[in-house]
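Heads up, the sequence shown is in my numbering, so the first residue is 58 and it goes up one at a time.
Ideal Cβ positions, reconstructed from N, Cα and C, are used throughout, including at glycine.
It should be emphasised that the depicted structure is a prediction, and the values quoted were computed from it without experimental measurement.
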Amino acid sequence: MHITFLGVRGTAPAFQPDQQRYGGHTACIVIQTKAADIILDAGSGLGSFAPRPHRPMVLLLSHLHLDHLIGLPASPLLYSADNRIHIYGPPGTQHALRTLLNPPFSPLPLDALPARLHITDIEAGATLHPSDLDVRIDTHPLNHPGGCLAYRIGHHARNLVYATDHEHIADQDQSLIRFCHQTDLLILDAHFDASEAPRHQGWGHSDWQTAACLARLSQARRAALIHHHPARRDDQLDAWNRLLQTRQPGIFFAREGQTLNLDPQDGPAHASPPLP
């Protein structure tokens, strides 16, 4: 599995000069296997995605807030008849996309788009086996206003978990830790610093220190922290990243454009399904 971080900012795009190294686009991460392209969320980073010819695409939406959808209306993916895209998201996804991908918000209504879109609402706890893709996708609820889904994607001997937009609650975190157990790459919300989190209870986001603790407890091999606050500067993220490297070197603040390979030959493999 080849992973590319196309957008790692949260809430709103950010394009100040002192935010360029980590990037300003909102959440969008692409997983490429030999058979398919799997897209995690459709934030503004989606505009940088260039699909490979003749490969099916799967778009997994964590939730329906605009910062995770804003890349869709103008995406070239929707305007090519060569593209077949299976879209999965929480209950309400079909209705939300028919509203967003419709005049006056979009130039064409959803049913008139050249791309072939197959939209499916799913409940937390569902397991997906998209046809011909040789992947298993498990889901888990997250604590965010309106609800949010975490995804665990398993392909051959490797797997990753995408768990953004989550405010930590002890009981739910125990279940999430089991869901993330020994994943090869854990992608987590790190919107706040611990000093900021108490003032933002109920906002549905994590601080980076608690996210790092969850990664350690879940025994993830590596963890990428995303959903950076739109006001966060590069020098702040650099300082926290250096601190993490001295304490938990397998955890890092992700940057826009960063790539990773989960090679089946790279160390011990883990089973794809989460712990029961």
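From the DSSP output, which residues share a beta bridge with residue i?
i	result
GLY146	ASP178
ALA281	ILE244 and PHE309
LEU30	Lying outside 58 to 333, the shown extent of the chain, residue 30 is not represented and no answer is given.
ASN106	As written in the sequence, residue 106 is Phe, which differs from the Asn given in the question. Note: PHE106 sits in no beta bridge, so no partner.
PHE249	ASP264
ARG141	ARG173
Along the beta strand (DSSP E) that carries residue i, what are the first and last residues, could you check?
i	result
ARG209	205 to 212
ASN318	316 to 318
LEU116	114 to 117
THR61	59 to 64
GLN231	No beta strand (DSSP E) holds GLN231; the alpha helix (DSSP H) holding it covers 227 to 236.
ILE86	85 to 89
Within the continuous alpha helix (DSSP H) that includes residue i, where are the two ends?
i	result
ARG215	That residue, ARG215, is in no alpha helix (DSSP H); its beta strand (DSSP E) goes 215 to 220.
ASN200	Segment: none, ASN200 is in no alpha helix (DSSP H) and carries neither H nor E.
GLN266	265 to 274
LEU294	291 to 304
LEU97	Taken as a continuous stretch (DSSP letters only), LEU97 belongs to no alpha helix (DSSP H), being part of the beta strand (DSSP E) at 94 to 97.
Determine whether the beta carbon atoms of residue i and residue j lie at a separation below 8 Å.
i	j	result
HIS122	ILE144	no
ILE86	MET114	no
THR263	HIS223	Thr is not the amino acid found at residue 263; the sequence shown has Ser there. Yes. Within cutoff.
GLY64	SER101	yes
THR316	ILE60	yes
LEU103	SER137	no
ASN140	PRO110	no
PHE309	LEU301	yes
ASP291	GLN76	yes
GLN231	ARG273	no
GLY261	HIS201	yes
PRO130	SER105	no
GLY204	PRO161	no
Report the CB separation of residue i from residue j in whole angstroms; it is logged as a contact under 8 Å.
i	j	result
ALA311	PHE62	5 Å
LEU199	ILE210	16 Å between Cβ atoms; not a contact.
HIS125	LEU206	Actually they are not in contact, since the Cβ atoms of HIS125 and LEU206 sit about 11 Å apart, beyond 8 Å.
ALA172	LEU118	16 Å between Cβ atoms; not a contact.
ILE244	ALA227	Not a contact, Cβ separation roughly 22 Å.
ALA296	ASP191	Not quite, the Cβ-Cβ distance comes to about 41 Å (not below 8 Å), so this is no contact.
HIS212	MET58	5 Å
Check whether chain D comes within 8 Å of residue i, counting only Cβ atoms and requiring the distance to be less than that.
i	result
LEU199	The structure shown contains no chain D; it is built from a single protein chain.
contact_flag[the segment 165 to 182, the segment 69 to 84] where n(CB pairs < 8 Å) is 3 or more:
no
I'd like to know if the segment 264 to 280 and the segment 93 to 100 are in contact, where contact means that at least 3 CB-CB pairs between them fall below 8 Å.
no
Flag this pair as touching only if the segment 153 to 171 and the segment 236 to 247 have three or more C-beta atom pairs under 8 Å; answer yes or no.
no
Evaluate the contact criterion for the segment 238 to 254 versus the segment 285 to 303: three or more CB pairs, one atom per stretch, below 8 Å.
yes
Would you check if there are 3 or more beta carbon pairs closer than 8 Å linking the segment 146 to 153 to the segment 183 to 190?
no
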